[in-house]
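Protein chains in written order, with my numbering: chain Z, 1 to 256; chain R, 1 to 286.
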Amino acid sequence: MFVILNFIGLSVLKFLEESGRVMVLFFRTLSLTFRPPFDLRSLLSQIERVGVNSIPVILITGAFTGMVLALQSYTGFKRFNAEAFVGTVVALSMTRELGPVLSGLMVSGRVGSAMAAELGTMQVTEQIDALYTLATNPIKYLIVPRFLASLIIMPVLTVFADAVGILGGYAVSVYLLGSNPTIYLRRTYDYLDLEDIYIGLLKACVFGMIIAIIGCYEGFNTQGGAEGVGKATTRAVVLSSLLILIANYVITALFF
Amino acid sequence: MIFKRMKTDDESMNGKQCQRGSDKTMILVKDLYKSFGGNHVLRGLNLEVKCGESMVVIGGSGTGKSVLIKCVIGLLHHDRGEVYVDGQEISSLDEEGWNELRKKFGMLFQRDALFDSLSVWENVGFALRRHTKLSDAKIKELAVEKLKLVGMQNVENLMPAELSGGMRKRVSLARAIAMEPAILLYDEPTTGLDPIMANVINDLIVTMREKLEVSSIAITHDMNSAYRIGDRIAMLYKGEIIEVGTPDEFKASPNPIVQQFIRGDVEGPITQGADFHLKLSQSARR
Numbered sequence: 001m002f003v004i005l006n007f008i009g010l011s012v013l014k015f016l017e018e019s020g021r022v023m024v025l026f027f028r029t030l031s032l033t034f035r036p037p038f039d040l041r042s043l044l045s046q047i048e049r050v051g052v053n054s055i056p057v058i059l060i061t062g063a064f065t066g067m068v069l070a071l072q073s074y075t076g077f078k079r080f081n082a083e084a085f086v087g088t089v090v091a092l093s094m095t096r097e098l099g100p101v102l103s104g105l106m107v108s109g110r111v112g113s114a115m116a117a118e119l120g121t122m123q124v125t126e127q128i129d130a131l132y133t134l135a136t137n138p139i140k141y142l143i144v145p146r147f148l149a150s151l152i153i154m155p156v157l158t159v160f161a162d163a164v165g166i167l168g169g170y171a172v173s174v175y176l177l178g179s180n181p182t183i184y185l186r187r188t189y190d191y192l193d194l195e196d197i198y199i200g201l202l203k204a205c206v207f208g209m210i211i212a213i214i215g216c217y218e219g220f221n222t223q224g225g226a227e228g229v230g231k232a233t234t235r236a237v238v239l240s241s242l243l244i245l246i247a248n249y250v251i252t253a254l255f256f
Numbered sequence: 001m002i003f004k005r006m007k008t009d010d011e012s013m014n015g016k017q018c019q020r021g022s023d024k025t026m027i028l029v030k031d032l033y034k035s036f037g038g039n040h041v042l043r044g045l046n047l048e049v050k051c052g053e054s055m056v057v058i059g060g061s062g063t064g065k066s067v068l069i070k071c072v073i074g075l076l077h078h079d080r081g082e083v084y085v086d087g088q089e090i091s092s093l094d095e096e097g098w099n100e101l102r103k104k105f106g107m108l109f110q111r112d113a114l115f116d117s118l119s120v121w122e123n124v125g126f127a128l129r130r131h132t133k134l135s136d137a138k139i140k141e142l143a144v145e146k147l148k149l150v151g152m153q154n155v156e157n158l159m160p161a162e163l164s165g166g167m168r169k170r171v172s173l174a175r176a177i178a179m180e181p182a183i184l185l186y187d188e189p190t191t192g193l194d195p196i197m198a199n200v201i202n203d204l205i206v207t208m209r210e211k212l213e214v215s216s217i218a219i220t221h222d223m224n225s226a227y228r229i230g231d232r233i234a235m236l237y238k239g240e241i242i243e244v245g246t247p248d249e250f251k252a253s254p255n256p257i258v259q260q261f262i263r264g265d266v267e268g269p270i271t272q273g274a275d276f277h278l279k280l281s282q283s284a285r286r
């Protein structure tokens with residue numbers, strides 16, 4: 001009996017301690033972001049790695065998501081003669097939900113893992129210690145550019161995903177299912193509010209911050225050589241993916 | 001919270017004015033304690049490094065030598081005791097204070113700790129790029145100069161992954177001296193190097209001592225290196241410094257623990273009760 005209680009107690013304490021440390025890192029990163037000197041070179045390099053190199057993945061993800069959405073909603077809506085609203089559903093789903101969430105999950109897998117692996121390797125080879133000895137704050141030098149890049153790029157990638165998703169839905173509806181293109185587009189514009197797009201972009205920003213902070217946190221706290229780096233990378237992806245899904249609900253509920 | 005402020009340049013000694021043989025203290029460690037959980041690594045360690053002196057700290061693996069120099073440079077925070085660097089007590093320095101103090105240090109890590117994603121000259125000139133307003137071209141020039149000092153030429157555009165172990169160590173040394181620090185810390189500088197390269201590094205360390213007039217602490221368990229580079233040697237055993245002296249004094253030390261270590265005897269007071277060593281030597285004799 002006590003063993004179970006002990007286990008639960010320790011798990012809760014461990015969870016709270018980890019969460020606390022992550023929040024501390026988040027606030028330290030935030031405060032250092034706005035303190036000069038500003039390293040533009042690092043930021044641009046990270047934007048290229050996080051953003052530009054993720055575009056192909058995001059385009060494919062967005063396109064196929066939009067296409068399958070069109071197919072599925074057509075199947076459902078046909079049952080009560082509402083096929084005309086496929087365009088609306090695709091647009092609303094992509095901008096409010098699937099665009100940001102799927103982009104977030106893709107970027108978490110691609111970029112979050114890379115951040116954890118790179119910083120984890122630096123940690124186990126004493127490169128982070130070396131930064132301290134060269135009078136450089138590793139958070140400022142390593143984490144801030146990644147954090148900012150993630151924050152800036154996620155909304156941009158989400159816009160790409162949304163756009164390509166809607167186009168994918170259009171292509172499937174019009175060329176596969178024979179919908180009227182004018183009606184499809186009309187339904188897309190009429191029922192899509194700017195607010196839908198903004199909520200999606202806000203989600204994207206939050207997801208970007210989660211990916212960067214979790215990836216960098218796991219990297220910095222890596223211990224134990226190659227195995228440790230592998231574990232840290234896995235944890236980074238799993239944890240940031242879970243947090244993205246949880247944050248997604250919270251933000252959706254807040255704006256409901 | 002009140003943090004101690006750094007002394008101004010007038011008050012503290014400029015390391016470059018450190019004369020070898022000087023009596024002034026550069027680093028003073030008083031009664032240092034450091035534990036990790038139940039593992040009491042440093043137990044009341046006392047050490048003094050004079051200005052311009054090269055101090056070598058020897059001791060077995062896992063005895064806390066790395067912990068000592070990490071406490072001196074603030075990578076680890078000690079539990080109890082005092083550390084004075086150039087007259088400044090470091091226990092309650094804030095981040096800014098540490099950033100200023102660390103500019104007086106250069107550290108050579110055991111595994112080089114070169115930044116993989118930067119080229120050789122970007123590594124060597126790292127501190128210059130972060131803390132000075134010099135142009136990249138000028139920094140590259142200075143980096144090439146420092147690389148020449150450590151005996152390397154035409155490597156500035158290579159990446160660390162393209163270098164051999166000995167070359168990486170030398171680049172790492174060039175990076176450590178780039179800001180012309182007053183204090184150099186060497187973490188096992190010759191470990192993992194072949195005998196020739198080890199002596200190249202030893203000679204470089206001696207050159208740094210003569211040319212740059214730095215004070216330094218080197219930790220090692222390579223006795224050959226210790227005798228070559230040290231003005232004085234200190235032995236760390238069970239969390240304390242048990243003996244300090246010149247290489248000659250050390251070789252003639254009456255302390256059996258010191259003698260066992262410097263001769264590398266398998267049997268002796270250090271390994272008494274450590275079954276592994278005895279059983280191994282016994283089975284080897286059969």
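Cβ coordinates follow ideal geometry from the N, Cα and C atoms, glycine included.
What residue range is occupied by the uninterrupted beta strand (DSSP E) comprising M26(R)? Walking along the second sequence from the start, residue 26(R) turns up at place 26. Start and end: 25-36.
So for I292(R), helix, strand or coil by DSSP? There is simply no residue 292(R) to check, as chain R begins at 1 and stops at 286 in what is shown.
Taking the alpha-carbon positions, what's the P181(Z) to A70(Z) distance? Counted from its first residue, the first sequence places residue 181(Z) at position 181. Counted from its first residue, the first sequence places residue 70(Z) at position 70. Answer to the nearest angstrom: the Cα atoms are 13 Å apart.
Please state whether DSSP places K251(R) in a helix, a strand or coil. The sequence position of residue 251(R) within the second sequence is 251, counting from 1. It is helical.
Along the beta strand (DSSP E) that carries N99(R), what are the first and last residues, could you check? Here residue 99(R) refers to the residue found at position 99 when the second sequence is read from its first residue. DSSP places N99(R) outside any beta strand (DSSP E); the residue lies instead in the alpha helix (DSSP H), whose first and last residues are 95-102.
Where the alpha helix (DSSP H) through E48(Z) begins and ends: Here the question's residue 48(Z) lines up with position 48 in the first sequence. Here the alpha helix (DSSP H) through E48(Z) covers 40-50.
Please report whether the beta-carbon of I217(R) lies at a distance below 8 Å from any beta-carbon of chain Z. In the second sequence, the residue the question calls residue 217(R) occupies position 217. Cβ-Cβ to chain Z under 8 Å: no for I217(R).
Contact check, A212(Z) vs M106(Z), beta carbons under 8 Å: Position 212 of the first sequence, counting from 1, holds the residue named residue 212(Z). Position 106 of the first sequence, counting from 1, holds the residue named residue 106(Z). No, these two residues do not count as a Cβ contact at 8 Å.
Beta-carbon of S19(Z) versus every beta-carbon of chain R: anything under 8 Å? Position 19 of the first sequence, counted from the first residue, corresponds to residue 19(Z). Closer than 8 Å: no.
Should I219(R) go down as buried or exposed, given a rule of 16 or more other Cβ atoms within 10 Å for buried? Stepping through the second sequence from its first residue, residue 219(R) is reached at position 219. So I219(R) ends up on the buried side.
Please state the DSSP three-state secondary structure of A161(R). Locating residue 161(R) in the second sequence gives position 161, where the first residue counts as 1. Taken through DSSP and simplified to helix, strand or coil, A161(R) comes out as helix.
Look at the Cβ atom of S66(R), then the Cβ atom of D265(R), and state whether they are nearer than 8 Å. Counting from one through the second sequence, the residue named residue 66(R) turns up at place 66. Counting from one through the second sequence, the residue named residue 265(R) turns up at place 265. One thing to note: S66(R) has its Cβ no nearer than 8 Å to the Cβ of D265(R).
Starting from K78(Z), follow the alpha helix (DSSP H) in both directions and report where the run begins and ends. Stepping through the first sequence from its first residue, residue 78(Z) is reached at position 78. Looking at the DSSP string, the run of the alpha helix (DSSP H) that includes K78(Z) is 55-78.
Candidates G109(Z), I58(Z), L30(Z): closest to M259(Z) by CA position: Residue 259(Z) lies beyond the residue range present for chain Z, which begins at 1 and ends at 256; the question has no answer from this structure.
Using a Cβ-Cβ cut-off of less than 9 Å, give me the residues of the region 252-268 of chain R that come near chain Z, in sequence order. The region 252-268 of chain R vs chain Z, Cβ under 9 Å: nothing.
Segment limits, alpha helix (DSSP H) that includes H131(R): Taking the first residue of the second sequence as 1, we reach residue 131(R) at position 131. 126-131 is the span of the alpha helix (DSSP H), which, as asked, contains H131(R).
With a cut-off of 8 Å, does the C-beta of K4(R) fall near any C-beta of chain Z? In the second sequence, the residue the question calls residue 4(R) occupies position 4. Reliability of the predicted coordinates at K4(R) is poor, the pLDDT of 35 falling under 50, and the value obtained from them is presented with this limitation in mind. False, the Cβ-Cβ gap to chain Z never drops below 8 Å.
Give, in chain order, every residue of the region 212-236 of chain Z whose Cβ lies closer than 7 Å to some Cβ of chain R. Flagged: no residues at all.
Work out the CA separation of V124(R) and K140(R) for me, nearest whole Å. For the purposes of this step, residue 140(R) is taken as the residue at position 140 of the second sequence. For the purposes of this step, residue 124(R) is taken as the residue at position 124 of the second sequence. So the two alpha carbons sit approximately 9 Å from each other.
Using a beta-carbon distance below 8 Å, is K138(R) in contact with chain Z? To locate residue 138(R), count along the second sequence from 1; it is residue 138. Judged by the 8 Å Cβ criterion, K138(R) is not in contact with chain Z.
First through last residue of the alpha helix (DSSP H) which encompasses F34(Z): Here residue 34(Z) refers to the residue found at position 34 when the first sequence is read from its first residue. It is not in any alpha helix (DSSP H) - F34(Z) carries neither H nor E in the DSSP assignment.
Pull up the DSSP beta-bridge partners for L190(Z), would you. Position 190 of the first sequence holds residue 190(Z). Strictly speaking, residue 190(Z) in this sequence is Asp, with Leu absent from that position. D190(Z) is not bridged to any residue.
May I ask you to report which of helix, strand or coil DSSP gives G104(Z)? What you label residue 104(Z) is simply residue 104 of the first sequence in a count that begins at 1. Looking at G104(Z) - three-state DSSP - the assignment turns out to be helix.
Using a beta-carbon distance below 8 Å, is I270(R) in contact with chain Z? Counting from one through the second sequence, the residue named residue 270(R) turns up at place 270. No - not a single Cβ of chain Z is within 8 Å of the one on I270(R).
Cβ contact check for the region 197-213 of chain R and the region 37-47 of chain R: 3 or more pairs under 8 Å: Cβ pair count under 8 Å is below three, so no.
Exposure label - A253(Z); buried when at least 16 CB within 10 Å: Within the first sequence, numbered from 1, the residue matching residue 253(Z) stands at position 253. Label assigned to A253(Z): exposed.
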